[in-house]
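Protein chains in written order, with this note's numbering: chain E, 410 to 646; chain W, 410 to 646.
Note that CB positions come from ideal geometry on N, CA and C, so glycine has one too.
Just so we're clear, the structure is a prediction, and the values are computed from it rather than from any experiment.
For reference, the structure is listed below as structure tokens.
Protein chains: 2
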Amino acid sequence: MLSHAASHIDSSRPAISSRRASPAQNPDVGGVPKQHPLIDAMHMMGATMSFPSETEIFGEGEAADYAYQVISGGVRTYKILRDGRRQVAGFYLPGDIFGLDFQDDHTVSAEAITDTKVVVVKRSMLMTLAGRDPVIGRELLNVTGSELRRVQTRMLLLLKSAEERVAGFLLEMAERASGGNVVELPMTRRDIADYLGLTFETVSRTLRGLANKAAIEVTAPRRIVLRNWSALRLLNA
Amino acid sequence: MLSHAASHIDSSRPAISSRRASPAQNPDVGGVPKQHPLIDAMHMMGATMSFPSETEIFGEGEAADYAYQVISGGVRTYKILRDGRRQVAGFYLPGDIFGLDFQDDHTVSAEAITDTKVVVVKRSMLMTLAGRDPVIGRELLNVTGSELRRVQTRMLLLLKSAEERVAGFLLEMAERASGGNVVELPMTRRDIADYLGLTFETVSRTLRGLANKAAIEVTAPRRIVLRNWSALRLLNA
DNA sequence: CGAAACATTGACAACTTTCAATTGCCGTGG
DNA sequence: CCACGGCAATTGAAAGTTGTCAATGTTTCG
């Protein structure tokens with residue numbers, strides 16, 4: 410059994426609002442949801458669990474027995490480096506699948522950023538399913554491929570200047586959360602800094618810099634309005 | 410048909426010397442090679458092609474119709490940024506599979522670093538095979554998982570200082586090429602710099618610094634001997 | 001309302017890049 | 001065989017960017 414002291418298993422099965430796990434741009438137009446055997450299977454077989462804000466979902470080095478999908482809230486995965494620095498490996502928003510390490514042990518830790526609901530399913534069961542049903546296997550491959558692309562994109566981001574990194578981060582968040590021009594950040598400046606490999610002071614200064622250029626507007630610390638997408642994309646290229 | 414002016418299709422089918430594509434630590438002990446359906450399939454169905462040094466294998470934005478495995482030589486994938494900077498996305502050594510983008514178009518360009526032989530196979534055929542044979546599907550998933558881990562490792566590297574990046578790079582190359590303490594670099598300082606997000610001057614200075622600390626020895630510009638692994642690993646965190 | 005955490009801002013230090021010059025390596029042709 | 005030319009690599013000095021340390025302002029939440 411999972412031993413998450415801070416969590417509890419919900420009896421209800423909330424409908425998922427987004428299906429980001431499959432190739433991103435896939436709006437369910439017309440009200441009739443498309444078939445997503447992998448996600449359907451996860452919801453069929455999995456348990457829904459809740460994690461309060463700032464609680465651990467799994468730790469680095471623990472057995473990677475389960476895979477997760479975010480239902481609501483947000484999750485960050487991270488590593489603590491020997492010198493004490495923290496590297497955020499990724500943020501996961503509703504619809505995203507995480508914990509799918511292809512090793513026996515989790516290579517990162519995972520925490521709820523805010524109060525979060527996830528669906529949990531045995532990884533071995535997913536693998537068995539994938540072995541039986543090529544469609545599910547193919548979907549798993551797609552999910553992994555998406556994750557790979559996302560990591561590669563971020564890797565390329567880390568090669569660039571602070572301004573370019575922050576711009577890229579804002580664009581990524583805007584696309585993933587898709588709230589139009591307004592980006593609601595569920596995470597702190599330090600989270601962002603650890604994600605981008607900067608200090609939180611530099612993140613703060615860079616945001617101000619972008620605001621001074623009229624590329625963005627910081628209406629509240631966690632609420633940023635994108636004013637000039639092309640300027641941001643120029644930095645992204 | 411592939412339209413690589415600079416390449417030609419070989420009639421011979423050279424035996425592969427390494428099987429890095431499968432979970433890395435998998436030496437074929439006992440002389441009898443293990444079964445690798447994915448690789449076997451690639452060699453069965455694929456054509457062997459040669460690319461002279463510094464020639465393009467595919468370009469960013471081209472249709473991603475083919476997947477490749479390096480037989481001999483070396484390959485780099487990269488992006489050119491609008492401002493002219495080049496970002497090297499990855500190096501591929503014999504045994505490595507590349508071009509497996511999970512999109513319609515290649516997200517990076519690929520070039521032969523030195524004279525290089527590769528096996529080429531239709532990506533759609535791999536996918537069809539994977540749909541029919543869960544074992545191959547599983548292997549594809551493993552290859553992708555390995556790539557994912559490698560990218561994640563490099564991502565962590567990019568957060569660190571120049572010295573730590575260069576040390577990490579040397580360790581990665583030493584492990585992948587596994588020529589004992591001697592690392593033969595097929596790429597230039599500029600390639601390394603573009604891979605690590607540094608300038609070639611910094612790479613050069615850092616190598617000297619490591620040499621001064623007796624951690625390495627630069628016996629020739631492209632030939633580096635690792636003298637003190639634990640010192641390098643300490644930098645690796 | 002008040003405390004704690006989060007965020008911003010400034011000054012200075014450290015590291016990396018940029019610009020410039022020099023050295024070393026290697027293949028070609030005399 | 002050696003000289004030359006071209007590219008890669010090294011090295012130095014100055015400039016720029018980001019990190020560090022410190023102080024202050026702001027939001028959130030009990």
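### Query
So G499 (chain E) and K526 (chain E) are in contact, right, with Cβ under 8 Å, and what is the actual spacing, rounded?
That belief does not hold up - the Cβ atoms of G499 (chain E) and K526 (chain E) are roughly 18 Å apart, past 8 Å.
### Query
How should A519 (chain W) be labelled, buried or exposed, when 16 other C-beta atoms within 10 angstroms of its C-beta is the threshold for buried?
buried
### Query
Nearest to S459 (chain E) by alpha carbon, out of E:V479, E:G554, E:P595, E:M582?
E:V479
### Query
From L643 (chain E) to V484 (chain W), what does the alpha carbon distance come to, in whole angstroms?
29 Å
### Query
Can you find a CB in chain W that lies within less than 9 Å of the CB of Q478 (chain E)?
no
### Task
Using the Cα positions of K569 (chain E) and Y477 (chain E), report the straight-line distance between them to the nearest angstrom.
31 Å
#### Entry: Contact set for R636 (chain E): own chain, Cβ-Cβ below 7 Å, skip 5 residues either direction
A623, A624, I625, E626
### Message
Please classify I489 (chain W) as buried or exposed, where buried requires at least 16 other C-beta atoms within 10 Å of its C-beta.
### Response
exposed
### Residues from the stretch 475 to 504 of chain W in contact with chain E, defined by Cβ distance under 8 Å
K488, L490, R491, D492, Q496, A498
### Run of the alpha helix (DSSP H) containing Q561 (chain E), from where it starts to where it stops
543 to 567
### Task
Starting from the Cα of R532 (chain W), find the closest Cα among W:V544, W:D524, W:H515 and give me that residue.
W:H515
### Message
Between which residues of its own chain and G577 (chain E) is the CB-CB distance below 6 Å, once the five residues before and five after are set aside?
### Response
L566, N645
### Message
Counting only Cβ pairs nearer than 8 Å, list the residues of chain E close to G577 (chain W).
### Response
The premise fails here: G577 (chain W) is roughly 12 Å from chain E at the closest Cβ pair, so nothing lies under 8 Å.
### chain E contact for G470 (chain W) (CB, 9 Å cutoff)
no
### Query
Ends of the beta strand (DSSP E) at G499 (chain W)?
495 to 501
### Query
For L411 (chain W), does the count of other Cβ atoms within 10 angstroms reach 16, so buried, or fall short, so exposed?
Caution applies to L411 (chain W), whose pLDDT of 46 falls short of 50 and renders its modelled position unreliable; the model cannot decide the point.
### Query
Got a sec: which bits of the stretch 579 to 604 of chain W sit with their beta carbon under 7 Å from any beta carbon on chain E, in order along the chain?
none
### Task
Determine the DSSP secondary structure at D513 (chain W), reduced to helix, strand or coil.
coil
### Task
Give the secondary structure of G440 (chain W) by DSSP, where H, G and I count as helix, E and B as strand, and everything else as coil.
Per-residue confidence for G440 (chain W) stands at a pLDDT of 44, beneath the threshold of 50, marking its modelled position as unreliable; the derived number appears in the next sentence. Coil.
### Query
Taking Cβ to Cβ, would you say V591 (chain E) is nearer than 9 Å to R632 (chain E)?
yes
### Message
So the candidates are E:G468, E:H452, E:E548, E:R563; which of them puts its Cα closest to the Cα of I601 (chain E)?
### Response
E:R563
### Task
Measure the C-alpha to C-alpha separation of F511 (chain W) and N621 (chain W) and round it to an integer number of angstroms.
44 Å
### Task
Closer than 7 Å by beta-carbon distance: list the chain W residues that pair up with T553 (chain E), in chain order.
L550, T553, G554, L557
### Query
How many Å lie between M582 (chain E) and G606 (chain W) at the Cα?
23 Å
### Query
In or out: G508 (chain W) buried (at least 16 other Cβ within 10 Å) or exposed?
buried
### P690 (chain E) classed as buried or exposed, judged by whether at least 16 other C-beta atoms fall within 10 angstroms
Nothing in the structure corresponds to residue 690 (chain E), since chain E is present only between 410 and 646.
### Message
On the DSSP letters alone, give me the boundaries of the alpha helix (DSSP H) that E572 (chain E) sits inside.
### Response
571 to 586
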